[in-house]
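Residue numbers (numbering that gives the first Met the number 0): 0 to 381.
A virtual CB, placed ideally from N, CA and C, is assigned to each residue, including glycine.
It should be emphasised that the depicted structure is a prediction, and the values quoted were computed from it without experimental measurement.
Inspection log for the structure reproduced underneath, given as structure tokens.
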Amino acid sequence: MPPKDFALARASTNEMTIVDNKPYLPKLFVTLESSNGDSGSLNGNNNDSSNIVDGSKTGTNISTHHSRTSILSAVIAILFHDTAPPNDLEDSLKVKTVSGGNTNALYCITGFNRIKTDYDSVLLRVFGAEGMIDRDVETCTFAKLSEAGIAPSYHGRFGNGRVEGWLENFVPLVVMDFQIKSNMEAISRQMARLHHGFRIPEELTEWHDRSNPGLWNQIFSWMEQAKKIDPLNGYKSKGDSERAKRLLDISLIEKELMWVKDSVVPPNSQVAFCHNDLLPANIMKHSETGEIRFIDFEYGGVNYVGFDLANHFNEFAGGTEKKSGEPDYSLFPDESEQRLFIRAYVGECLSMISNTATTTTTAINNEDEEEEIQILLKEVHA
């Protein structure tokens, strides 16, 4: 179903509508915890309020806490939308905050194994970044990525968030994990599967147009927002206003962006559906098998393959895990490491093409592997 079905559901008087084969409850919201708390503890009678650390961004994670009652109401309404839940279910569930969310508030709800045979835990995501992300398009895209086995499972959506599958026995990477050769190769192969194995459904091509890489739409959208900021009162603090006045020349930046678009990016650069935010906390590794999975696709969309690779290389330097936000560019991959990464990427692409005729692109089909590596390196360095 297209994203417009979410808007139709919100206009309806129904409490619940099935969209993308999953329940959507637009009138149900997860609310903030009251000043005295609505249950004394996220875990009720369990009295366990420990956190699950999801990622290395402990200095910038969402710190807002939502009420246990509203969290469980949303989860139970989604998971039991077509059947009655056990009467004592809410008392038996544990709710733990998941740290590391820059954009969203995240919670892990555990205790379903006595009634659900295929999972014990789920992830509840309360949306953030209001106005920056089209949540109708993003959720429809997430649902299709889930169906393709690329994203975690999708259980349904409520007014200000959704319920997803929890990746059991997976842990997020940290910055130094990017320095390990086996991790580099595993990540590169997973990127190849995303770029060249995911078919954009027909109903989403209006928003994920392969002829129109999203990089420029996003950047120039932010540029328009920046141009509208009141230079005196539009920033969070007086110090920010002073720094912006001293350092920002919006018109010059806009001209430089146009120059990059028109003159720097190679005209035949490969495009595909990209993640666009592959920092360590968005890459999960199975603690036993070493399998790599990507999460948090909310910035995903059609983009230059070279951008997705280059952006990931920038994440080697870290910064988001520190309060200062300062990256360490001594960790940036050198030329040999970039070649290692891209060689594994090209190898996976060639393997996919030789094994199936259903890949989404034939851009990487040259028998000369070295030539393909050089082409991608040129696009990355652009």
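Review point. Okay, do the stretch 265-276 and the stretch 293-308 touch, 3+ Cβ pairs below 8 Å being the bar?
Key: yes
Practice item. Using alpha carbons as the reference points, say which of 239, 105, 378 lies closest to residue 338. Key: 378
Review point. Among 346, 281, 315, which residue has its Cα nearest to the Cα of residue 103?
Key: 281
Check your understanding: Per DSSP, which one or two residues make a beta bridge with residue 153?
Key -> 163
Review point. Does the distance from the CB of residue 5 to the CB of residue 139 come in under 9 Å?
Key: yes
Exercise for review: Could you check if residue 131 is buried or exposed, using at least 16 other CB atoms within 10 Å of its CB as the buried criterion?
Suggested key: exposed
Review point. Is there contact between the stretch 262-274 and the stretch 299-314, where contact requires at least three CB pairs shorter than 8 Å?
Key: yes
Check your understanding: Where residue 84 and residue 75 are concerned, what is the direct C-alpha to C-alpha distance, given to the nearest angstrom?
Key -> 7 Å
Practice item. Give the straight-line distance between the Cα atoms of residue 293 and residue 336, rounded to the nearest whole angstrom. Key: 21 Å
Practice item. Could you give the DSSP three-state label for residue 259: helix, strand or coil? Key: helix
Check your understanding: Under three-state DSSP, which class holds residue 235?
Key -> coil
**Study point:** Distance between residue 332 and residue 316 (C-alpha atoms, nearest Å)
**Key:** 9 Å
**Study point:** Closest Cα partner of residue 176 within the set 323, 284, 71
**Key:** 284
**Study point:** Whole beta strand (DSSP E) elements within the stretch 291-330, 3-residue minimum
**Key:** 291-293, 300-303
Check your understanding: With distances taken from CA atoms, which of 172, 307, 200 is nearest residue 136?
Key -> 200
Review point. What residue does the beta strand (DSSP E) around residue 274 start on, and which one ends it?
Key: Per DSSP, residue 274 belongs to no beta strand (DSSP E) and is neither H nor E.
Practice item. Express the C-alpha separation of residue 119 and residue 94 in angstroms, rounding to a whole number. Key: 12 Å
Point to revise | Beta-ladder partner(s) of residue 107, from DSSP | key: 95, 122
Review point. Does the beta-carbon of residue 145 have 16 or more other beta-carbons within 10 angstroms, so that it is buried, or is it exposed?
Key: buried
Point to revise | Reduced DSSP secondary structure (H/G/I, E/B, other) of residue 138 | key: helix
**Study point:** Proximity of residue 25 and residue 158 at Cβ, strictly below 9 Å
**Key:** yes
Review point. Since residue 68 is in the alpha helix (DSSP H), which residue starts that stretch and which ends it?
Key: 67-78
Exercise for review: Use the C-beta contact count for residue 221: other C-beta atoms within 10 angstroms, 16 or more gives buried, fewer gives exposed.
Suggested key: exposed
Practice item. Report buried or exposed for residue 86, applying the criterion of at least 16 other Cβ atoms within 10 angstroms of its Cβ. Key: exposed
Check your understanding: Is it true that the CB of residue 147 sits closer than 9 Å to the CB of residue 291?
Key -> no
Exercise for review: Please confirm whether residue 193 and residue 143 have their CB atoms less than 9 Å apart.
Suggested key: no
Review point. How is the alpha helix (DSSP H) around residue 226 delimited, first residue to last?
Key: 213-226
**Study point:** Counterpart residues of residue 390 in DSSP-defined beta bridges
**Key:** The question about residue 390 has no answer here: the residues shown for the chain are numbered 0 through 381.
Point to revise | Given residue 210 as reference, the closest of 307, 374, 267, 97 once Cα atoms are compared | key: 267
Check your understanding: Helix, strand or coil for residue 48 per DSSP?
Key -> Caution is warranted here: a pLDDT of 39 is assigned to residue 48, below 50, making its placement in the model unreliable, and no coordinate value can be reported.
Review point. Hey, how far is the Cα of residue 78 from the Cα of residue 166?
Key: 17 Å
Review point. Should residue 328 be labelled buried (16 or more other beta-carbon atoms within 10 Å of its own) or exposed?
Key: exposed
**Study point:** Buried or exposed (CB count within 10 angstroms, at least 16 for buried), residue 190
**Key:** buried
Exercise for review: In the DSSP assignment, find the beta strand (DSSP E) that holds residue 24 and state where it starts and stops.
Suggested key: 21-24
Exercise for review: Locate the alpha helix (DSSP H) running through residue 372, then write down its first and last residues.
Suggested key: 368-380
Point to revise | Spatial distance of residue 196 from residue 246 (CA atoms) | key: 43 Å
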